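Novice: Residue numbers (our numbering): 243 to 343.
Yeah, the Cβ is synthetic: ideal placement off N, Cα and C, and Gly gets one too.
Please read all numbers here as calculations on a predicted model, not as lab measurements.
(1) Closest by CA to residue 189, which one among 302, 286 and 331?
(2) Suppose contacts are defined by Cβ-Cβ distances below 7 Å. Is residue 264 in contact with residue 311 by that definition?
(3) Taking the straight line between their C-alpha atoms, what separation do you get for residue 268 and residue 277?
(4) Indicate the three-state DSSP secondary structure (helix, strand or coil) for residue 243 in the structure shown.
(5) Going residue by residue through the segment 256 to 324, where are the continuous alpha helix (DSSP H) segments of at least 4 residues, counting only ones entirely within it?
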């Protein structure tokens, strides 16, 4: 395995100290591990429906451009396009960074 870097996906202008601990943690997990592959998570506002007119997710509080809190009812699955909490893709947690040997 090679190096794996977890990028901070907090949008510009959003201070992480103003987020809940769960929302802050979600920003540090940009991918899901699904059936042996990493899939980039879809931030609020970039879902197929665009997140509607709301400035923030009504379930987890993610602002436009932020990643949803895992388990949020509005997060779109990056693999099948369904809702993460109800799709059959076989995952439930954001991928943890891979360690270098």
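Specialist: Well, looking at it:
(1) Any question about residue 189 goes unanswered here, given that the chain covers just 243 to 343.
(2) yes
(3) 20 Å
(4) Any reading at residue 243 must be qualified, since the residue scores a pLDDT of 32, below 50, and its modelled position is unreliable; the value itself is stated next. Three-state DSSP puts residue 243 in coil, outside helix and strand.
(5) 263 to 269
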